[in-house]
Amino acid sequence: MYKSILTFALLLILGAFQAQDNFEGMITFKIEYTQLPAEMAGFESMLPTEMVSYIKGHKSRNEQTTAITGQQVTIVDSETSYTVSLMNLLGNKIALEITPEEAEASKSNESDMKIEYTKEKKEIAGYTCTKVLISFPEMATPLIVYVTKDIKGATQENFGDLEGFPLEYIVAAEGVQARYYAVKVEEKPISDDLFNIPTDYKKMSQTELQQLYGG
Numbered sequence: 008m009y010k011s012i013l014t015f016a017l018l019l020i021l022g023a024f025q026a027q028d029n030f031e032g033m034i035t036f037k038i039e040y041t042q043l044p045a046e047m048a049g050f051e052s053m054l055p056t057e058m059v060s061y062i063k064g065h066k067s068r069n070e071q072t073t074a075i076t077g078q079q080v081t082i083v084d085s086e087t088s089y090t091v092s093l094m095n096l097l098g099n100k101i102a103l104e105i106t107p108e109e110a111e112a113s114k115s116n117e118s119d120m121k122i123e124y125t126k127e128k129k130e131i132a133g134y135t136c137t138k139v140l141i142s143f144p145e146m147a148t149p150l151i152v153y154v155t156k157d158i159k160g161a162t163q164e165n166f167g168d169l170e171g172f173p174l175e176y177i178v179a180a181e182g183v184q185a186r187y188y189a190v191k192v193e194e195k196p197i198s199d200d201l202f203n204i205p206t207d208y209k210k211m212s213q214t215e216l217q218q219l220y221g222g
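Residue numbers (this note's numbering): 8 to 222.
Here it is as structure tokens:
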């Protein structure tokens, strides 16, 4: 069970945005799974199919729902490199704190990443996006990302110095590969309360969560 919990947490963390002022509002993404490990066959219906991101200043909040963890929330503060994932596991409200080192270890090596901007365009959620190819030495084929320069501020933290705001991209963790694509973008005021940890959640490290639910 611990591995499934951590996989979902990593997917949400890797799918999260680092806010950098400018844009304030919410973005709704649909999620499609392009690769699943053999042990997850038959459990597709338990996976989240939507992510909602709230972005304000240097903070972002990303929400998705799974059959295992219920509503799972990840809050990222790009100014302090602090990340926390909120989960309600069998009635236990847990705030899983991810250190900058742990989050970095789950990502591909950005120093070896190559970014190629193509001339291909397509419209996503009402925005004109440019197709970008992102290559890593360990991958046989490049990842495809679509970015727009019409949304200023946040970046997708797994793609380093990517220019533009990604409205379609792929993330991978623990053998799961998922495609995220925006279906709605709304600029509006966002409450600061969304970025606070509720007082009834207990803070835990990855090690403490593993001890509680088994490795």
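For glycine and all other residues, C-beta sits at the position ideal for the given N, C-alpha and C.
Local conformation of residue i per DSSP, three classes
i: L150; result: strand
i: S67; result: strand
i: M120; result: coil
i: V194; result: Sequence inspection shows Glu at residue 194; the Val mentioned does not correspond to that position. Strand.
i: D199; result: helix
i: T224; result: Because the chain is modelled from 8 through 222, residue 224 falls outside the range shown and cannot be assessed.
i: A74; result: coil
i: P107; result: helix
i: L54; result: coil
i: T90; result: strand
i: A45; result: helix
i: L96; result: strand
i: E7; result: Outside the displayed span of the chain (8 to 222) sits residue 7, for which this structure offers no information.
Length of the line joining the Cα atoms of residue i and residue j
i: K138; j: K210; result: 40 Å
i: Y134; j: E193; result: 12 Å
i: T41; j: F50; result: 14 Å
i: Y176; j: D207; result: 34 Å
i: S52; j: E46; result: 14 Å
i: V59; j: Q78; result: 11 Å
i: A74; j: T214; result: 23 Å
i: Q71; j: F36; result: 10 Å
i: I38; j: F172; result: 17 Å
i: K128; j: L174; result: 12 Å
i: A84; j: A180; result: Position check: residue 84 holds Asp in this sequence, whereas Ala was assumed. Cα to Cα, the separation comes out at about 21 Å.
i: N29; j: K159; result: 6 Å
i: P44; j: N69; result: 24 Å
i: P205; j: T125; result: 44 Å
i: I197; j: D168; result: 26 Å
i: P144; j: G98; result: 43 Å
i: G32; j: K121; result: 30 Å
i: G64; j: A102; result: 22 Å
i: L96; j: E109; result: 21 Å
Status (buried if at least 16 other CB within 10 Å, exposed otherwise) for residue i
i: E123; result: exposed
i: M146; result: exposed
i: P55; result: buried
i: T90; result: buried
i: T106; result: exposed
i: T155; result: buried
Contact test: residue i Cβ vs the ligand FMN heavy atom, cutoff 7 Å
i: A48; result: For the structure depicted, the ligand FMN is absent and the ligand set is empty, with no information on it obtainable.
Beta-carbon contacts of residue i that lie in its chain and below 7 Å, excluding the five residues immediately before and after
i: L150; result: I141 and I177
i: K100; result: D207, Y208 and K209
i: S212; result: E104
Own chain residues within Cβ distance below 6 Å of residue i, not counting five before or after
i: I34; result: S60, A189 and V192
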